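Right, one structure below, let's go through it.
Residue numbers (my numbering): 545 to 748.
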């Protein structure tokens, strides 16, 4: 589920992020409480138990429907983010942006857990191939450590390929190491090309 951040704007675009587990839990609790209150008010007014149950369920469903609509709209906004929007994201937002980017490029995408991800942030599937991806939203250059981590992830997840993707660039050591270990490095320029390709596909 996505939350629209109206206080982070660049060139008219908003940045959307995924609801945290805590936020989603809080929503469910509040939605449930509102449903119970609606049930109580209904039974007080109508004195009809079964009608009140219907009212309570209806209120809960409306809440989840509104959350779903918000999710759909914010996915669209997230896909429109440009490279400058990405520069203003944090690492968490960048991962969720990449989920939408790769989906738009016809990959099946799964995020790994926020902790215990064994070096991979995303797992992609396309044409029978499994790809592990590490996302690095950086201001400086990405170093060798990211390459080492994604190599471990490739082995752990039994992937065919390993990628590191950043909005920045890589150190010479990282470029050399990646070349020796067959890790694909996606830098700022390649990321921009992927964004353009995504827009072309989705504008057809």
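Virtual Cβ for every residue (Gly too), placed ideally from N, Cα, C.
Model, not experiment: these values are computed from the prediction.
Worksheet item: Around the C-beta of residue 722, are 16 or more other C-beta atoms found within 10 angstroms, so that it is buried, or is it exposed?
Response: buried
Discussion item. According to DSSP, is residue 604 part of a helix, a strand, or is it coil?
Written reply: helix
Item to complete: Enumerate, from N- to C-terminal direction, the unbroken alpha helix (DSSP H) stretches of 4 or more residues contained entirely within the region 709-743.
Response: 716-725
Worksheet item: Is residue 505 helix, strand or coil by DSSP?
Response: The shown model of the chain, from 545 to 748, leaves out residue 505, and the question about it has no answer.
Worksheet item: Whole beta strand (DSSP E) runs in the region 632-700 with 3 or more residues, listed along the chain?
Response: 652-655, 666-670 and 673-680
Worksheet item: Can you give the beta carbon distance from residue 677 to residue 709, rounded, assuming they're within the 8 Å contact cut?
Response: 6 Å
Worksheet item: Taking the C-alpha atoms as reference points, what is the distance between residue 713 and residue 685?
Response: 5 Å
Discussion item. Can you check which of these residues, 740, 707 and 731, is closest to residue 725 by C-alpha distance?
Written reply: 707
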